[in-house]
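Q: Pasting in a structure now, in structure tokens, and then I'll have a few things to ask.
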Amino acid sequence: MNELFTETILIAVLAATVRIATPLIFAALGELITERAGILNLGVEGTMLMAAFAGFAGSFATGSTWAGLLAAMLAGAMMAFLMVFMAATLKVEQVVTGLALNLLAAGMSLYLFKVYFETQSMPMTEVMPFMPIPYLADIPWLGPIMFQQKGLTYLAFLMVPAVWFFLYRTKWGLEIRVLGENPKVIDTKGMSVTLRQYGAVIMGGVLVGLGGAFVTIGSVVRFVPDITAGRGWLALVIVIAGNWRPSGILLAALVFAFLDALQLQIQGVGVDLPYQIFLALPYVMAVVLMVLKSRGGRSEQPGRLGIPYFRGER
Amino acid sequence: MKLLSRIAGSALLAASLSVATPSLADDLNIAAIFPDGVENAWTKAFLDSLDVVKAQHPHGLDIHLDFTENVFGDTIMEVLEAYSESGKYDMIWTHQASSDQVEELKDQFPDILYVSTGGGNRAVGGNGFQGDIFLHESSYLVGVYAGLDTKTNVIGTVGLFPSDNVNDQVNAFRAGARSVNPDVKLKVTFIESWYDPLKAAEAASAQIAAGADIIFQLGETYQVCKERGIQCIGNYLDMTSQAPGNVPISTLAKWEPHLNYFIDLIVDHRANGTAYDAPLHKIVFDMKQGGSDITKPADYVSDAAKAAVARDKAAILSGELKVVNDGSLPTSD
Numbered sequence: 000m001n002e003l004f005t006e007t008i009l010i011a012v013l014a015a016t017v018r019i020a021t022p023l024i025f026a027a028l029g030e031l032i033t034e035r036a037g038i039l040n041l042g043v044e045g046t047m048l049m050a051a052f053a054g055f056a057g058s059f060a061t062g063s064t065w066a067g068l069l070a071a072m073l074a075g076a077m078m079a080f081l082m083v084f085m086a087a088t089l090k091v092e093q094v095v096t097g098l099a100l101n102l103l104a105a106g107m108s109l110y111l112f113k114v115y116f117e118t119q120s121m122p123m124t125e126v127m128p129f130m131p132i133p134y135l136a137d138i139p140w141l142g143p144i145m146f147q148q149k150g151l152t153y154l155a156f157l158m159v160p161a162v163w164f165f166l167y168r169t170k171w172g173l174e175i176r177v178l179g180e181n182p183k184v185i186d187t188k189g190m191s192v193t194l195r196q197y198g199a200v201i202m203g204g205v206l207v208g209l210g211g212a213f214v215t216i217g218s219v220v221r222f223v224p225d226i227t228a229g230r231g232w233l234a235l236v237i238v239i240a241g242n243w244r245p246s247g248i249l250l251a252a253l254v255f256a257f258l259d260a261l262q263l264q265i266q267g268v269g270v271d272l273p274y275q276i277f278l279a280l281p282y283v284m285a286v287v288l289m290v291l292k293s294r295g296g297r298s299e300q301p302g303r304l305g306i307p308y309f310r311g312e313r
Numbered sequence: 000m001k002l003l004s005r006i007a008g009s010a011l012l013a014a015s016l017s018v019a020t021p022s023l024a025d026d027l028n029i030a031a032i033f034p035d036g037v038e039n040a041w042t043k044a045f046l047d048s049l050d051v052v053k054a055q056h057p058h059g060l061d062i063h064l065d066f067t068e069n070v071f072g073d074t075i076m077e078v079l080e081a082y083s084e085s086g087k088y089d090m091i092w093t094h095q096a097s098s099d100q101v102e103e104l105k106d107q108f109p110d111i112l113y114v115s116t117g118g119g120n121r122a123v124g125g126n127g128f129q130g131d132i133f134l135h136e137s138s139y140l141v142g143v144y145a146g147l148d149t150k151t152n153v154i155g156t157v158g159l160f161p162s163d164n165v166n167d168q169v170n171a172f173r174a175g176a177r178s179v180n181p182d183v184k185l186k187v188t189f190i191e192s193w194y195d196p197l198k199a200a201e202a203a204s205a206q207i208a209a210g211a212d213i214i215f216q217l218g219e220t221y222q223v224c225k226e227r228g229i230q231c232i233g234n235y236l237d238m239t240s241q242a243p244g245n246v247p248i249s250t251l252a253k254w255e256p257h258l259n260y261f262i263d264l265i266v267d268h269r270a271n272g273t274a275y276d277a278p279l280h281k282i283v284f285d286m287k288q289g290g291s292d293i294t295k296p297a298d299y300v301s302d303a304a305k306a307a308v309a310r311d312k313a314a315i316l317s318g319e320l321k322v323v324n325d326g327s328l329p330t331s332d
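First to last, the sequence lines map onto chains V and E.
Just so you know, numbering that gives the first Met the number 0 puts 116 at position 117 of the first sequence, and the rest follows in order with no gaps.
Just so you know, numbering that gives the first Met the number 0 puts 171 at position 172 of the second sequence, and the rest follows in order with no gaps.
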């Protein structure tokens, strides 16, 4: 057990925490913007999955991970477009729509994979390389943990203040937050509620798409069905645990990622406890955080989350 | 997912059956049901073996295969029924746990030879056979390589789920490594997921941080070995192409003996009407019988390791060395 507390291992656990948190941060920030606009998109898992596939296929087809990244963002935007079209234009029940998107993505990604890669070989693509940042990467402890990562990881962490700035310091951000609380205000000012919801949800979808891209071209050379492995669902929990605020989301994502990184290391150390206990830790923590969240503090949950807006309603 | 998989499975099946032709005397038709995609190592190893057997034309037969991928859970029964009722197939091969479903169907179709492979199956007798591959002998040999070529004296295994068929590989890997290097320590990690290469890569990274410089990759994730500059041993297939320069050796799952065994039974059944009478145990062929093997070690493997692996392989083939098949849950040293 003492092996866990050596410098090398602690640094490795924290560096893994940063990597594991990357797709969660992207997806949760994307869902945050979406939910702030009053749309509850439960299709995060499916959106990530389609983006993960699109990133892989785009990179495979062009030989460029940049093209893959673009494809993943586009796939995220398209899935989000479907969501917002159903929710804001057709006013379909949002929970059902989100769940349907997950089913669609599970089947569609597998189908497209089979159609496109009609082969019995194992298709592989390039992945993004690690990008150590000169000078910063050499700082003891902080360097290997934060500054010897991949480009998408740096971007994910930069997106936290960027999304905060966008939501709380720009006119567009204010309008999006108003959509989630009282869309009638936007409507009575002669501005389009629907148009702004489209913008917010698609922007959120692009961020979720980046999370999906990290799962394939950001990390591994292959695509397998359901490769996102529940990260989209975890992102939904992170939005709630983070109280719909970018800083809270960062903290919640890091807590989940740390527990995951820790359990992987604990198995290797050989602790005399069933390793499944450690595997369950992140999910146990998710439940604990949800319980704590329901009992304390002021909730920042958008008041109109999941409720379609009809002009003229009271 | 299950619903979509069912729809997709049915559609694929319908497509394959629509072009079905009656079985001719010199044809042998096989239907296969796979739990994953054909690009996955477990399934691809079977397909590679089938290609070898096809090319040999046993008994002068032309072997044809139709298959359905990504079938699991209660969907197995529907696909199994559809293949059975088509009347086209001499053998239906399910590459996963399916003995419960086969038991329900087998008596209705006594002329079909059913095979269920891998863990989680049980004896059902009659025309329901169980086949499996035990890779403990090849895992022992790749362990010998790891024990000799590790520079840190720390090696690792990253697995998906623990099961008899996985545990025996990990335990044999440790035994092989210890046989040549008693001081070597083994890290064992299971990620408990079928579809999470990202987590498998992180598990490998964790072992590398703990000093492992050779990892037996049961999680099919090799990119991390390249990125971290360590050696990863492949499983089921030659995995060199996954990370050239970082896969020194692989175990090989070979289904040729099983296929030939079942084809012999089918030919006998067709010619003489001999009823199928499956033994009440798994049909397994060891390394000596051709059921498993290892790849030729890469050029950069040390001469000492090459020699030791060759020596122990010869000893296994001659029967001089018996590798224990230990399916108990392995833990880290």
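For every residue, glycine included, the Cβ atom is placed at its ideal position computed from N, Cα and C.
On the CB-based measure, 16 or more other CB atoms within 10 Å of its CB, does A15(V) come out buried or exposed?
A: Buried.
Q: Along the segment 123-136 of chain V, where does the CB come closer than 9 Å to a CB of chain E? Name the residues.
A: Per Cβ criterion, the list reads M123, V126, P128 and F129.
Q: Which word fits L261(V), buried or exposed, when buried means at least 16 other C-beta atoms lie within 10 angstroms of its C-beta?
A: By the neighbour-count rule (16 or more Cβ atoms within 10 Å), L261(V) is buried.
Q: Should F116(V) be flagged as near chain E, meaning a C-beta pair shorter than 9 Å?
A: It does; some Cβ of chain E falls within 9 Å.
Q: Below 8 Å on C-beta distance, what does P196(E) contact in chain V?
A: Those within 8 Å of P196(E) in chain V are S218, V219, R221, V223 and I226.
Q: Between which two residues does the alpha helix (DSSP H) holding Q264(V) run?
A: Q264(V) -> alpha helix (DSSP H) spans P245 to V268.
Q: Strictly below 8 Å CB to CB, what residues from chain A border Q264(V)?
A: Checking the listed chains, one finds no chain A in this structure; the protein chains it contains are V and E.
Q: Does Q216(E) come out as helix, strand or coil in the three-state DSSP assignment?
A: The answer is strand: DSSP assigns Q216(E) an E or B state.
Q: Bridge partners of Y113(E), per DSSP?
A: Answer is I91(E) and G127(E), bridged to Y113(E).
Q: Would S331(E) be called buried (16 or more neighbouring beta carbons within 10 Å of its own) or exposed?
A: Looking at its Cβ environment, which holds 16 or more other Cβ atoms inside 10 Å, S331(E) is buried.
Q: Using the rule of at least 16 other Cβ atoms within 10 Å of the residue's Cβ for burial, across every protein chain shown, is D73(E) buried or exposed?
A: Label assigned to D73(E): exposed.
Q: Does V283(V) have its Cβ less than 9 Å from a Cβ in chain E?
A: V283(V) does not count as touching chain E.
Q: Going along the chain, which residues of its own chain have a beta-carbon closer than 8 Å to the beta-carbon of D212(E), five neighbours each way excluded?
A: Same-chain partners within the cutoff: T149, K150, T151, V153, I154, I229 and Q230.
Q: Look at L39(V) and V83(V) and say whether their C-beta atoms are less than 9 Å apart.
A: Result no, Cβ atoms of L39(V) and V83(V) do not sit closer than 9 Å.
Q: Would you please verify whether the beta carbon of R294(V) is less than 9 Å from any beta carbon of chain E?
A: R294(V) does not count as touching chain E.
Q: Just the Cα atoms here: how many angstroms apart are L185(E) and T156(E)?
A: Cα-Cα distance, rounded: 8 Å.
Q: With DSSP run on the structure shown, which of helix, strand or coil describes F55(V)?
A: The answer is helix: DSSP assigns F55(V) an H, G or I state.
Q: For the alpha helix (DSSP H) that contains V287(V), what are its first and last residues?
A: From DSSP, the alpha helix (DSSP H) with V287(V) extends over Y274 to R294.
Q: Contact defined as beta carbons within less than 8 Å: I believe I62(E) pairs with L112(E). What is the distance between those atoms, to the nearest angstrom?
A: Not quite, the Cβ-Cβ distance comes to about 13 Å (not below 8 Å), so this is no contact.
Q: Might you give, ordered along the chain, the residues of its own chain that have their beta carbon closer than 8 Å to the beta carbon of V143(E), omitting 5 neighbours on each side?
A: Result list for V143(E): G175, A176, S178, V179, A304, A307, V308 and D311, in chain order.
Q: Suppose you measure from the CA of M284(V) to the CA of I19(V); what does that come to, to the nearest Å?
A: Computed Cα separation, rounded: 16 Å.
Q: How would you label V183(E), buried or exposed, when you count the other beta carbons within 10 angstroms and need 16 or more for buried?
A: V183(E) should be labelled buried.
Q: Measure how close the beta-carbons of L73(V) and L100(V) come, nearest whole angstrom, since I'm counting them as under 8 Å.
A: No, L73(V) and L100(V) are not in contact; Cβ-Cβ is about 16 Å, not under 8 Å.
Q: Can the beta-carbon of Q216(E) be found less than 9 Å from the beta-carbon of G233(E)?
A: Yes, they are a contact pair.
Q: Can you give the beta carbon distance from D110(E) to F133(E), rounded, assuming they're within the 8 Å contact cut?
A: With a Cβ gap of about 30 Å, D110(E) and F133(E) do not count as contacting.
Q: Going by Cα to Cα distance, which pick from T188(E), L279(E) and L46(E) is closest to W92(E)?
A: Of the listed residues, the one whose Cα sits closest to W92(E) is L46(E).
Q: Alpha carbon to alpha carbon, how far is G62(V) from P122(V)?
A: Their backbone Cα atoms lie some 12 Å apart in a straight line.
Q: According to DSSP, is H280(E) part of a helix, a strand, or is it coil?
A: Of the three classes helix, strand and coil, the one that applies to H280(E) here is coil, per DSSP.
Q: Give me the DSSP bridge partner(s) of G233(E).
A: S249(E), per the DSSP bridge assignment.
Q: Could you name the residues of the segment 61-88 of chain V whose beta carbon sits closer than 8 Å to any beta carbon of chain E, in the order they occur along the chain?
A: Flagged: no residues at all.
Q: Under 8 Å from any heavy atom of the ligand SAH, does the C-beta of G229(V) make it?
A: In the structure shown, the ligand SAH is absent, as is every other ligand, since no ligand is present at all.
Q: Going by alpha carbons, who is nearest to E180(V) out of P22(V), P307(V) and G29(V)?
A: Of P22(V), P307(V) and G29(V), the residue nearest in Cα terms is P307(V).
Q: Using only the alpha-carbon positions, how far apart do R173(E) and H135(E) sit?
A: Taking the straight line joining both Cα atoms gives about 10 Å.
Q: Determine the chain V residues that contact Q241(E) at a beta-carbon separation under 9 Å, and present them in chain order.
A: Ordered by position in chain V, the residues that pass the 9 Å Cβ test against Q241(E) are M121, M123, V220 and R221.
Q: According to DSSP, I155(E) sits in a beta bridge with which residue or residues?
A: According to the sequence displayed, residue 155(E) carries Gly and not Ile. DSSP lists K186(E) and I214(E) as partners of G155(E).
Q: For D25(E), which three-state DSSP category applies?
A: D25(E): coil per DSSP, three-state reduction.
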